[in-house]
Structures are given as structure tokens and as C-alpha cells.
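Residue numbers (my numbering): 272 to 571. Notes to accompany the following structure.
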């Protein structure tokens, strides 16, 4: 998806060393903190914040324009004239940041924020020193009901680089606002990413390019869980069905080893769905699982 394919307001300036990707929609309660946490970054390189507003209906756009006026050289706004939806807006902004020619791309959604003013510097230093890694993320706190709690990363992956296979095996344990990845020549985020319930996990597949993913074991960002969030009100059976959809959609883009992991995940998710739908009916549960396994044979 090329950035010129959609309606937008954008200015062209010189390429930054790091492009910071941000998407927002009706984030009036959070967007100022998100922007402030980025413009406060202390670096020995140029960086620029690119914000894609998906036609917000609250005061988000007004706040964006105020901060653009305050930081004209640091913030660039992409103001869509119609609502694209969360995934298309995200993919659009990925490609826009890629096309800036920045060497690295850092991520932060409009309702999350960074807490370490040296976050960008630390991640750039890490990726410069570790050419075998294409993705670097940090530890993060989760904020829910005014309480901070450390987001879990399974050991040893908080200190040892790993492959994309581990994200499939352990589910996605990376918070979006903690990520920086290496921009690459001719990198394109494909449109099939928009069909995934978990688009970020698809993006990590594309940008990792079979290289390592690594964690800096320091808390540098906050992932906010709130009632307006996309996944806040999802029931367990709905979540399991979303995992199933994700596995089936991404299956054909995986390596053979990754496919084996996903096949086992599909079996597990099908079993979980049957348990949720028929918790006290053993025969119905087994029949439900049997017929769904048959329908999913191509992935098993």
C-alpha cells in the first residue's frame, strides 16, 4: 500500500534517522501524553514523529494541530479525510514511515506512551551494535484502572535474542509501544496484513526477515488498557476465534517450521472453542471439535 494512494494532509521534509510511527483515533484523553513522551526524547540523531489520525470525531485532531504548531520540525501529521479503520490506517502509516527513508522505525500508538527519555537512543545503539537483529523491543508496564503492572516476557527472551517462531509459540509478548525495527531496502508491508486480527504480529513476521528479535530488559514504555481499547471487551471464546483466524490467515506466509507451530496452535484453539461452547456436554463438545478439525484439515 503506497502512501500516495489515500487522501491525506502531509508535508515533505528531509529524512530523519528514526521515524516514529503513531496511529490515533478518538484519543483525546491520551494523545497529549503520547506526543509529549516522544518529543522529550534525547538523541544524538534526528527523529520525526509521524501521526496518522483516522478521522477522529472528538478533539484529537485539534490537539494534534496544536502540538504540530508547537513542534513544527518534529511532528508531521497525516490527517485522513475519511475513516480507514484501525488496520488499514496502521498499514498506511507503516508504509509512509518506510518511505521516509529513515534507518529505523519506532512504534507508539496514540493511547500509549514512553517513560524513558533515552528510549530511542538506547534502541538505536542496540541495533547498530547487533546487526543480526532486525527488531528490538523493551520491557513495558501495563496501565489499567490507574495501576501499573509489569508486562510479562517469558524467560529467557527478556535477555536472549530469539526468532519469530517464539512469538508464534508463546503468543505475542511484545507491546507495540516498545518496538523499534530496522528499515530495509524495498521493504513493503503487504495488504494481507490487514486481514489479520493481530496486525502487529504479521508486521513482525515481515520486518524480521528471518533475523533475530531482541529485548532490552528495561521498562521504557506504558501499554494502556482501557474501556475504549479494541480488545478490552472481547470474551474468551471470541478471543480464541480471533487467534484461529490469525493462524489460518498467516499460515501460508510462514516457513515450514513456523507452520508446524501454528498447526499445533490451531488444534489447541479449536479444542478451547469447543470447551467454551459446550462446557458441560461432553459428546457435543467432542462432535464440535471433530467437525472443526475436519474443516481445518489443510492447516494440520
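Quick reminder that beta carbons are idealized off the backbone N, C-alpha and C, glycines included.
Are residue 412 and residue 493 close, meaning C-beta to C-beta below 9 Å?
With contacts defined by Cβ atoms closer than 9 Å, residue 412 and residue 493 form a contacting pair.
Residue 318 - DSSP class collapsed to helix/strand/coil:
strand
Report back the beta-carbon spacing between residue 288 and residue 377 to the nearest angstrom; my notes put them in contact at under 8 Å.
The Cβ separation is near 11 Å, so there is no contact.
Bridge-paired residues (DSSP) for residue 411
492
Distance, residue 363 Cα to residue 272 Cα:
Interpretation of residue 272 is limited by its pLDDT of 40, a score under 50 that renders its predicted location unreliable; no figure is taken from the coordinates.
Rounded straight-line distance, which links the Cα of residue 481 to that of residue 564
30 Å
Just how far apart, CA to CA, sit residue 558 and residue 509?
20 Å
Let me check one thing: in DSSP terms, what residues is residue 433 bridge-paired to?
In the DSSP output, where bridge partners are listed per residue, residue 433 has 484.
For residue 490 and residue 409, I'd like the C-alpha separation in whole angstroms.
When rounded, the distance between both Cα atoms is 6 Å.
Pull up the CB-CB distance for residue 335 and residue 302, whole angstroms please, since I reckon it's below 8 Å.
7 Å
Helix, strand or coil, according to DSSP, for residue 373 in the structure here?
coil
Where residue 430 falls, given that 16 or more other Cβ within 10 Å makes a residue buried
exposed
Can you grab the Cα-Cα spacing for the pair residue 332 / residue 324, in whole Å?
7 Å
Could you give the distance in angstroms between the alpha-carbon of residue 570 and the alpha-carbon of residue 511?
16 Å
In three-state terms, what does DSSP make of residue 357?
helix
When you compare only the Cα positions, how much space is there between residue 460 and residue 367?
Using only the alpha carbons, I get a separation of about 10 Å.
Should residue 455 and residue 401 be called a contact, given that it needs their Cβ atoms to be closer than 9 Å?
Cβ atoms of residue 455 and residue 401: not closer than 9 Å.
So, under 8 Å CB-CB, residue 291 and residue 379 are touching, yes? Tell me the CB distance rounded to an integer number of Å.
6 Å
Distance check for residue 417 and residue 393, CA to CA, integer angstroms please.
28 Å
Alpha helix (DSSP H) segment containing residue 532, residue limits
That run of the alpha helix (DSSP H) goes 527-548.
Ignore the nearest five residues each way along the sequence and tell me which others in residue 420's own chain have a CB closer than 6 Å to its CB.
413
By Cβ distance below 6 Å, which residues in the same chain neighbour residue 466 in space, the five residues on each side in sequence not counted?
520
Considering only residues of the same chain and omitting the five flanking positions on each side of residue 381, which have a CB-CB separation below 7 Å?
293, 294, 295, 298, 301, 302, 305
From residue 537 to residue 529, what distance separates their C-alpha atoms?
12 Å
Grab the span of the alpha helix (DSSP H) containing residue 349 for me, first residue to last.
Segment 346-350 is the beta strand (DSSP E) holding residue 349; no alpha helix (DSSP H) there.
Please identify the residue among 327, 350, 375 whose C-alpha is closest to the C-alpha of residue 319.
Per the Cα distances, 375.
Looking at C-alpha atoms only, which residue of 513, 555, 386 is the closest neighbour of residue 448?
386
Quick check: the Cα distance between residue 415 and residue 422, rounded to an integer number of angstroms?
12 Å
Find the nearest neighbour of residue 321 within the set 534, 347, 462, 307, judged by alpha-carbon distance.
347
On the premise that residue 314 lies in contact with residue 391, defined as a C-beta separation below 8 Å, what is that separation, rounded to the nearest angstrom?
In this structure residue 391 is in contact with residue 314, their Cβ atoms being roughly 5 Å apart against a cut-off of 8 Å.
Expected contact under 8 Å - CB spacing of residue 560 and residue 531 to nearest Å
About 20 Å; that fails the 8 Å criterion.
So is residue 468 buried or exposed if we call it buried at 16+ other beta carbons inside 10 Å?
buried
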